[in-house]
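Have a look at the structure below before the remarks.
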Amino acid sequence: MADEYRVPKREVTAEVTIAGQKPAALRLYLAGQAAHHAGYERPSDLLNGPDPFFPATDRKGRLVLLQRDAVVTMSVPAEDEQSVDDDPDAVVVSVSTDRVEVSLDNGASLKGLVEFVMPEGRRRLVDFLNLGERFLAVRENGTIHLINKSRIARIAVTKAA
Numbered sequence: 043m044a045d046e047y048r049v050p051k052r053e054v055t056a057e058v059t060i061a062g063q064k065p066a067a068l069r070l071y072l073a074g075q076a077a078h079h080a081g082y083e084r085p086s087d088l089l090n091g092p093d094p095f096f097p098a099t100d101r102k103g104r105l106v107l108l109q110r111d112a113v114v115t116m117s118v119p120a121e122d123e124q125s126v127d128d129d130p131d132a133v134v135v136s137v138s139t140d141r142v143e144v145s146l147d148n149g150a151s152l153k154g155l156v157e158f159v160m161p162e163g164r165r166r167l168v169d170f171l172n173l174g175e176r177f178l179a180v181r182e183n184g185t186i187h188l189i190n191k192s193r194i195a196r197i198a199v200t201k202a203a
């Protein structure tokens, strides 16, 4: 009977950096259906969620409860951040893409692409950064780095596309 109440989860491996700690490989458990869009829950949905803590397991299978605001970065394969409802052939009116270097308050930096869709007249990177989500997605090759905006010290646009 208890199995009837189990919620199917999708396991995703992520490299997570918590404030003051070295990066660690953790397993995340994402819902089969996202709360705010069609398709399954993405790592960015998990990080931008409302609850202060979320569960994961470490390499030894131990449960760890992570405080969202303490997560500095989370890196996942790009395919784990794309939902099944994302149509790569879909026509979008205007996608802005900037190549950036993100400097964090701990001295680390990440380079990659930031892609975003904004309304006419608000298509600047600064407008996108000032939206309410806590984490910024930066694509580097086949990896998405989800970066806690509160830990960003500086973003340099190295090339606007």
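Its first residue numbered 43, the sequence shown is counted upward by one per residue in the working numbering. We put the CB at the ideal spot given by N, CA and C, even for glycine.
For residue i, the three-state DSSP class (helix, strand or coil)
i	result
Arg285	As shown, the chain starts at 43 and ends at 203. That puts residue 285 outside it, with no answer to give.
Asp140	strand
Val126	Bear in mind that the predicted position of Val126 carries a pLDDT of just 48, short of 50, making it unreliable; the figure below should be weighed with that in mind. Three-state DSSP puts Val126 in coil, outside helix and strand.
Met43	Unreliable placement is indicated for Met43, whose pLDDT of 49 sits below 50; the coordinate value is still reported in the next sentence. Coil.
Leu173	coil
Ala198	strand
Leu52	The identity of residue 52 in the sequence shown is Arg, whereas the question assumes Leu. Strand.
Val106	strand
Pro97	strand
Pro92	coil
Val159	coil
Ala80	coil
Alpha carbon of residue i to alpha carbon of residue j, nearest angstrom
i	j	result
Val56	His78	The question names Val, but residue 56 in the sequence shown is Ala. Those two C-alpha atoms are separated by around 22 Å.
Ile60	Pro119	19 Å
Gly74	Asp122	12 Å
Phe96	Tyr71	9 Å
Phe170	Leu68	29 Å
Arg141	Arg181	9 Å
Ala195	Val144	8 Å
Phe165	Gly62	In the sequence as presented, Phe is not what sits at residue 165; that position holds Arg. In a straight line, the C-alpha of Arg165 is about 35 Å away from that of Gly62.
Lys153	Ala76	28 Å
Arg204	Arg104	This structure cannot settle anything about residue 204, because the visible part of the chain is limited to 43 through 203.
Ala150	Ala66	16 Å
Residue environment, residue i, which counts as buried when at least 16 other CB atoms sit within 10 Å
i	result
Arg84	buried
Asp127	In this prediction, Asp127 has a pLDDT of 49, which is less than 50 and means its spatial position is unreliable; what the coordinates show is noted afterwards. Label assigned to Asp127: exposed.
Leu178	buried
Asp100	exposed
Thr200	exposed
Leu173	exposed
Ala198	exposed
Looking at C-beta atoms only, is the number of pairs between the stretch 151–167 and the stretch 98–113 that lie closer than 8 Å three or more?
No contact exists between the stretch 151–167 and the stretch 98–113.
Should the stretch 110–123 be regarded as contacting the stretch 85–102, the criterion being three or more beta carbon pairs within less than 8 Å?
Short answer: they touch.
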